[in-house]
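Undergrad: Numbering-wise (the working numbering), the sequence shown opens with residue 479 and increments by one.
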Amino acid sequence: MTARTLTGERSVDLTRISDVRLLTGFSYGGTFRAVVVRDRSGARIGLTTLRSQRALVRALQHACGDG
């Protein structure tokens, strides 16, 4: 999966996931949530859209043999 960031494009290999965490932030406007994925090479990406989070779920299901 490749995403555009402030510093350019960043890619994470969803077939080599090493860590998944939920990042939650609070502000006056409400809450902010991002699923942060790290692959085995150390690349990290924050997934904030439902579409990107569904792609992560499909990759995890495929890795576990559930999909």
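Ideal Cβ placement from N, Cα and C applies to all residues, glycine included.
Small disclaimer: the values here were computed from a predicted structure and weren't measured.
Buried or exposed: L528, going by 16 or more other Cβ atoms within 10 Å of its Cβ?
TA: Counting Cβ neighbours within 10 Å, L528 comes out exposed, since fewer than 16 surround it.
Undergrad: Whose C-alpha, out of G507, L525, R511 and R499, is nearest the C-alpha of R488?
TA: Ranking G507, L525, R511 and R499 by Cα distance to R488 puts L525 first.
Undergrad: Mind checking who L500 pairs with in its DSSP beta bridge?
TA: In DSSP, L500 forms a bridge with V513.
Undergrad: Specify the secondary structure class of R536 as computed by DSSP and reduced to three states.
TA: Three-state result, R536: helix.
Undergrad: Provide the residue(s) that pair with R522 in DSSP beta bridges, ordered along the chain.
TA: R516.
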